[in-house]
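Counting along the sequence shown from 1, when you hit position 15 you're at 15 in UniProt numbering, and nothing is skipped either side.
In this text, a Cβ means the ideal position worked out from N, Cα and C, and glycines have one as well.
Note that this is a predicted model, so its numbers are computed, not measured.
Structure first, then comments.
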Amino acid sequence: MSLIVSVRDKRRSNHINHNTHVSPGPLSKKYSSCSTIFIDDSTVSQPNLKSTIKCVTLAIYYHIKNRDSDRSLDIFDEKLHPLSREPVPDDYSYVDPEHKLIYRFVRTLFSAAQLTAECAIVTLVYLERLLTYAELDICPANWKRIILGAILLASKVWDDQAVWNVDYCQILKDITVEDMNEMERQFLELLQFNINVPASVYAKYY
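Written as structure tokens, this is what we have:
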């Protein structure tokens, strides 16, 4: 049974509860919001999916480019836990991904799993919270798995139609359910099980 099942009931009430006192965690000092580049006809309650994914992935791109070091954990290392059977390049931990590569990775997952723009925003909240709480850096060696972990968590907690670990294994056919379960467990522990996103934080990221 997935660890997140027990906390799914909180997803909507926490999102709209302005009086919740659980701390969302410090936002990134370097790049915490995409509001300055998110310009279209969408609203906070109905964000545009394509624009939101572009915005979120650009924020992730800047996190990678502006990092001070390469602090990571084994569970997020793509060499140790590959997402496909294709050999991981020798320079996998040295070459920063271009924004279009990050965008394509995220867009593929969102399209296959039919995730919402709201989920994309919460994905960035969880990702930045992970970097702060766990004192990690998102870097060439771990960016795919950190993003995947954040999407996995956000889709379960915030989407009306939750996508489960086995579903992601159908999208990323070479990854195992056991790997997904372990990454989910460690991601939650590193977040100190703080999956709450107050409306004020959501709006700030938007």
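Which term fits residue i, buried or exposed, when burial requires 16 or more other beta carbons within 10 angstroms of its beta carbon?
i	result
N66	exposed
F193	exposed
S72	buried
P198	buried
S155	buried
E86	exposed
V95	exposed
T116	buried
Excluding the 5 residues flanking residue i on each side, which residues of the same chain have their C-beta closer than 7 Å to its C-beta?
i	result
H99	T57, L58 and Y61
Give the straight-line distance between the Cα atoms of residue i and residue j, rounded to the nearest whole angstrom.
i	j	result
Y133	Q170	31 Å
N142	L136	10 Å
C139	Y92	10 Å
P82	T176	10 Å
L80	D179	11 Å
N48	A120	10 Å
Y205	S51	13 Å
V122	L152	11 Å
D174	Y168	10 Å
D159	D68	33 Å
T108	L101	11 Å
L124	E118	10 Å
V70	R185	It should be noted that the sequence gives Asp, not Val, for residue 70. Their backbone Cα atoms lie some 22 Å apart in a straight line.
Just to confirm my understanding: we take residue i, look at its own chain, exclude 5 residues before and 5 after, and list those with CB closer than 8 Å. What are they?
i	result
E78	V88, Y92, A141, N142, K144 and R145
D90	none
K54	Y103
What whole-angstrom Cβ distance do residue i and residue j have, given they're in contact under 8 Å?
i	j	result
L130	L188	Contact flag wrong, Cβ pair sits at about 10 Å.
F105	I147	7 Å
I64	P97	7 Å
For residue i, which residues from the same chain have a beta carbon less than 6 Å from its beta carbon, with the 5 sequence-adjacent residues on both sides left out?
i	result
G149	M183 and F187
L172	L83
Y126	A150, L153 and A154
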